[in-house]
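> Residue numbers (full-length UniProt numbering): 1 to 207.
Have a look at the structure that comes next, please.
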(Lines of atoms letter the chains of each structure in order from A and count residues from 1; the text may use other names and numbers.)
(Lines give C-alpha, C1' and ligand atoms only; values in the text may rest on other atoms or scores of the structure.)
Protein backbone atom coordinates (compact mmCIF):
# COMPACT_ATOMS: atom_id res chain seq x y z
CA UNK A 1 0.00 0.00 0.00
CA UNK A 2 1.33 3.47 -0.89
CA UNK A 3 2.47 5.60 2.01
CA UNK A 4 0.69 8.86 2.82
CA UNK A 5 3.25 11.04 1.07
CA UNK A 6 2.98 9.07 -2.17
CA UNK A 7 -0.82 9.07 -1.93
CA UNK A 8 -0.76 12.86 -1.70
CA UNK A 9 1.62 13.21 -4.66
CA UNK A 10 -0.57 11.03 -6.85
CA UNK A 11 -3.75 12.67 -5.61
CA UNK A 12 -2.33 16.10 -6.49
CA UNK A 13 -1.74 14.94 -10.07
CA UNK A 14 -5.22 13.45 -10.33
CA UNK A 15 -6.75 16.65 -8.96
CA UNK A 16 -4.86 18.69 -11.56
CA UNK A 17 -6.16 16.43 -14.34
CA UNK A 18 -9.77 16.55 -13.17
CA UNK A 19 -10.19 20.05 -11.78
CA UNK A 20 -7.34 22.17 -13.14
CA UNK A 21 -4.99 24.26 -11.06
CA UNK A 22 -7.81 26.55 -9.97
CA UNK A 23 -9.54 23.58 -8.33
CA UNK A 24 -6.47 22.41 -6.42
CA UNK A 25 -6.52 22.90 -2.66
CA UNK A 26 -5.47 21.04 0.45
CA UNK A 27 -9.06 19.90 0.81
CA UNK A 28 -9.51 18.57 -2.74
CA UNK A 29 -6.14 16.81 -2.74
CA UNK A 30 -6.69 15.27 0.69
CA UNK A 31 -10.14 14.08 -0.38
CA UNK A 32 -8.68 12.41 -3.47
CA UNK A 33 -5.99 10.77 -1.33
CA UNK A 34 -8.48 9.72 1.36
CA UNK A 35 -6.52 11.41 4.16
CA UNK A 36 -6.89 14.35 6.52
CA UNK A 37 -5.99 17.66 4.83
CA UNK A 38 -3.66 18.56 7.72
CA UNK A 39 -1.31 15.90 6.32
CA UNK A 40 -0.72 18.06 3.24
CA UNK A 41 0.99 20.64 5.44
CA UNK A 42 2.67 18.04 7.63
CA UNK A 43 4.40 16.38 4.67
CA UNK A 44 4.91 19.31 2.29
CA UNK A 45 4.44 22.56 4.20
CA UNK A 46 2.16 24.06 1.56
CA UNK A 47 -0.05 23.16 -1.37
CA UNK A 48 2.39 24.87 -3.75
CA UNK A 49 5.23 22.67 -2.55
CA UNK A 50 3.07 19.58 -2.86
CA UNK A 51 2.25 20.49 -6.47
CA UNK A 52 5.91 21.15 -7.24
CA UNK A 53 6.94 17.78 -5.84
CA UNK A 54 4.03 16.06 -7.60
CA UNK A 55 5.11 17.42 -10.99
CA UNK A 56 8.59 15.94 -10.60
CA UNK A 57 7.20 12.71 -9.14
CA UNK A 58 4.80 12.28 -12.07
CA UNK A 59 7.46 13.07 -14.67
CA UNK A 60 9.88 10.52 -13.21
CA UNK A 61 7.17 7.86 -13.31
CA UNK A 62 6.13 8.59 -16.88
CA UNK A 63 9.68 8.87 -18.25
CA UNK A 64 10.60 5.55 -16.64
CA UNK A 65 7.81 3.86 -18.62
CA UNK A 66 9.37 4.95 -21.92
CA UNK A 67 13.10 4.67 -21.11
CA UNK A 68 13.58 1.27 -22.74
CA UNK A 69 11.69 2.39 -25.83
CA UNK A 70 13.85 5.52 -26.15
CA UNK A 71 16.96 3.36 -25.75
CA UNK A 72 15.84 1.11 -28.61
CA UNK A 73 15.56 3.99 -31.11
CA UNK A 74 18.16 3.86 -33.91
CA UNK A 75 16.69 6.13 -36.62
CA UNK A 76 14.95 9.47 -36.79
CA UNK A 77 11.88 7.71 -38.20
CA UNK A 78 11.76 5.41 -35.16
CA UNK A 79 12.08 8.42 -32.86
CA UNK A 80 9.14 10.11 -34.58
CA UNK A 81 7.10 6.90 -34.39
CA UNK A 82 7.81 6.78 -30.67
CA UNK A 83 6.80 10.44 -30.43
CA UNK A 84 3.44 9.66 -32.04
CA UNK A 85 2.86 6.73 -29.68
CA UNK A 86 3.89 8.76 -26.66
CA UNK A 87 1.64 11.59 -27.79
CA UNK A 88 -1.41 9.29 -27.94
CA UNK A 89 -0.65 7.45 -24.71
CA UNK A 90 0.06 10.55 -22.64
CA UNK A 91 -3.07 12.30 -23.87
CA UNK A 92 -5.17 9.24 -22.95
CA UNK A 93 -3.48 9.14 -19.54
CA UNK A 94 -4.44 12.75 -18.88
CA UNK A 95 -0.84 13.85 -18.42
CA UNK A 96 -1.27 16.57 -21.03
CA UNK A 97 -4.09 18.18 -19.07
CA UNK A 98 -1.94 18.26 -15.93
CA UNK A 99 1.06 19.59 -17.86
CA UNK A 100 -0.99 22.41 -19.37
CA UNK A 101 -2.11 23.44 -15.91
CA UNK A 102 1.35 23.48 -14.32
CA UNK A 103 2.86 25.26 -17.32
CA UNK A 104 0.26 27.98 -16.91
CA UNK A 105 0.77 28.12 -13.15
CA UNK A 106 4.55 28.13 -13.52
CA UNK A 107 4.43 31.48 -15.33
CA UNK A 108 3.75 33.23 -12.03
CA UNK A 109 4.44 30.69 -9.28
CA UNK A 110 8.08 30.71 -8.07
CA UNK A 111 7.82 27.11 -6.85
CA UNK A 112 6.02 25.59 -9.81
CA UNK A 113 8.31 27.08 -12.47
CA UNK A 114 11.53 25.26 -11.50
CA UNK A 115 9.64 22.06 -10.71
CA UNK A 116 7.97 22.12 -14.12
CA UNK A 117 11.34 22.76 -15.80
CA UNK A 118 12.82 19.82 -13.89
CA UNK A 119 10.00 17.58 -15.08
CA UNK A 120 10.49 18.65 -18.69
CA UNK A 121 14.25 18.18 -18.44
CA UNK A 122 13.72 14.51 -17.55
CA UNK A 123 12.05 14.08 -20.96
CA UNK A 124 14.69 16.21 -22.69
CA UNK A 125 17.49 13.97 -21.39
CA UNK A 126 15.89 10.91 -23.00
CA UNK A 127 15.29 12.72 -26.29
CA UNK A 128 18.86 14.08 -26.30
CA UNK A 129 20.37 10.62 -25.87
CA UNK A 130 18.21 9.22 -28.68
CA UNK A 131 19.03 12.13 -31.02
CA UNK A 132 22.73 11.75 -30.27
CA UNK A 133 22.63 8.12 -31.40
CA UNK A 134 20.42 8.81 -34.42
CA UNK A 135 22.51 11.70 -35.75
CA UNK A 136 25.96 10.33 -34.88
CA UNK A 137 26.68 9.07 -38.42
CA UNK A 138 24.53 11.63 -40.23
CA UNK A 139 26.03 14.31 -42.51
CA UNK A 140 24.18 16.74 -40.24
CA UNK A 141 25.97 15.64 -37.07
CA UNK A 142 28.61 18.38 -36.98
CA UNK A 143 26.05 21.11 -37.69
CA UNK A 144 23.42 20.18 -35.11
CA UNK A 145 23.38 21.28 -31.49
CA UNK A 146 21.91 18.05 -30.13
CA UNK A 147 21.12 19.52 -26.71
CA UNK A 148 19.38 22.50 -28.26
CA UNK A 149 17.52 20.27 -30.72
CA UNK A 150 16.35 18.03 -27.87
CA UNK A 151 14.95 21.08 -26.08
CA UNK A 152 13.28 22.29 -29.26
CA UNK A 153 11.81 18.81 -29.79
CA UNK A 154 10.41 18.72 -26.25
CA UNK A 155 8.97 22.22 -26.64
CA UNK A 156 7.40 21.25 -29.96
CA UNK A 157 5.96 18.11 -28.40
CA UNK A 158 4.36 20.09 -25.58
CA UNK A 159 2.97 22.54 -28.12
CA UNK A 160 1.54 19.72 -30.24
CA UNK A 161 -0.01 18.10 -27.19
CA UNK A 162 -1.85 21.31 -26.35
CA UNK A 163 -2.57 22.22 -29.97
CA UNK A 164 -4.34 18.92 -30.59
CA UNK A 165 -6.95 19.92 -28.04
CA UNK A 166 -8.16 22.71 -30.33
CA UNK A 167 -7.14 21.42 -33.78
CA UNK A 168 -6.58 17.64 -34.01
CA UNK A 169 -6.19 17.72 -37.79
CA UNK A 170 -3.62 20.49 -37.57
CA UNK A 171 -1.59 18.56 -34.98
CA UNK A 172 -1.67 15.48 -37.19
CA UNK A 173 -0.52 17.55 -40.16
CA UNK A 174 2.40 18.83 -38.08
CA UNK A 175 3.43 15.27 -37.24
CA UNK A 176 3.21 14.35 -40.93
CA UNK A 177 5.49 17.29 -41.80
CA UNK A 178 8.06 16.10 -39.26
CA UNK A 179 7.94 12.63 -40.77
CA UNK A 180 8.59 14.09 -44.22
CA UNK A 181 11.64 15.87 -42.80
CA UNK A 182 12.84 12.59 -41.29
CA UNK A 183 12.46 11.01 -44.73
CA UNK A 184 14.68 13.70 -46.27
CA UNK A 185 17.37 13.11 -43.64
CA UNK A 186 17.18 9.35 -44.23
CA UNK A 187 17.51 9.89 -48.00
CA UNK A 188 20.60 12.02 -47.46
CA UNK A 189 22.14 9.33 -45.26
CA UNK A 190 21.52 6.70 -47.97
CA UNK A 191 23.37 8.65 -50.65
CA UNK A 192 26.94 7.82 -51.51
CA UNK A 193 30.00 9.37 -49.81
CA UNK A 194 30.59 11.88 -52.62
CA UNK A 195 27.06 13.26 -52.33
CA UNK A 196 27.33 13.37 -48.54
CA UNK A 197 30.63 15.25 -48.75
CA UNK A 198 29.13 17.74 -51.18
CA UNK A 199 26.14 18.25 -48.90
CA UNK A 200 28.43 18.69 -45.90
CA UNK A 201 30.52 21.28 -47.75
CA UNK A 202 27.42 23.23 -48.74
CA UNK A 203 26.12 23.15 -45.18
CA UNK A 204 29.46 24.48 -43.93
CA UNK A 205 29.25 27.43 -46.35
CA UNK A 206 25.79 28.31 -45.09
CA UNK A 207 26.35 27.67 -41.38
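All residues carry an ideal CB built from backbone N, CA and C; glycine is no exception.
Please say whether residue 53 and residue 109 have beta carbons closer to each other than 8 angstroms?
Not closer than 8 angstroms, so no.
> Go ahead and label residue 127 buried or exposed: buried means 16 or more other beta carbons lie within 10 angstroms of its beta carbon, across all protein chains shown.
Buried: at least 16 other Cβ atoms inside 10 Å.
> To which residues of the same chain is residue 101 closer than 7 angstroms at the C-beta, ignoring the five residues directly before and after it?
Answer for residue 101: 16, 20, 21, listed in chain order.
> What's the C-alpha gap between residue 79 and residue 64?
Using only the alpha carbons, I get a separation of about 17 angstroms.
> On the three-state DSSP scale, how would you describe residue 44?
Residue state, collapsed to three classes: helix.
> DSSP on residue 137, reduced to helix/strand/coil?
Correct three-state label for residue 137: coil.
> In three-state DSSP terms, what is residue 59?
In this structure, residue 59 counts as helix in the three-state DSSP scheme.
> Please report the distance separating the alpha-carbon of residue 130 from that of residue 70.
Spanning the two alpha carbons is a distance of roughly 6 angstroms.
> Among 152, 66, 153, 31, which one has its Cα closest to the Cα of residue 86?
Among 152, 66, 153, 31, the Cα nearest to that of residue 86 belongs to 66.
> Between 103, 179, 68, which lies nearest to residue 155 when the distance is taken from Cα to Cα?
When only C-alpha atoms are compared, the closest one is 103.
> List in chain order: all unbroken alpha helix (DSSP H) runs of 4+ residues lying wholly within the segment 98–149.
Those alpha helix (DSSP H) runs which fall completely within the segment 98–149 and span 4+ residues are 112–135.
> According to DSSP, is residue 180 part of a helix, a strand, or is it coil?
Residue 180 falls in the helix class under three-state DSSP.
> How would you write the range of the alpha helix (DSSP H) that residue 34 sits in, first residue to last?
Here residue 34 belongs to no alpha helix (DSSP H), and DSSP marks it neither H nor E.
> Could you give the distance in angstroms between the alpha-carbon of residue 34 and the alpha-carbon of residue 84?
Answer to the nearest angstrom: the Cα atoms are 35 angstroms apart.
> On a CA-only basis, which of 112, 119, 37, 114 is nearest residue 57? Give me that one, please.
The residue with the shortest Cα to Cα distance from residue 57 is 119.
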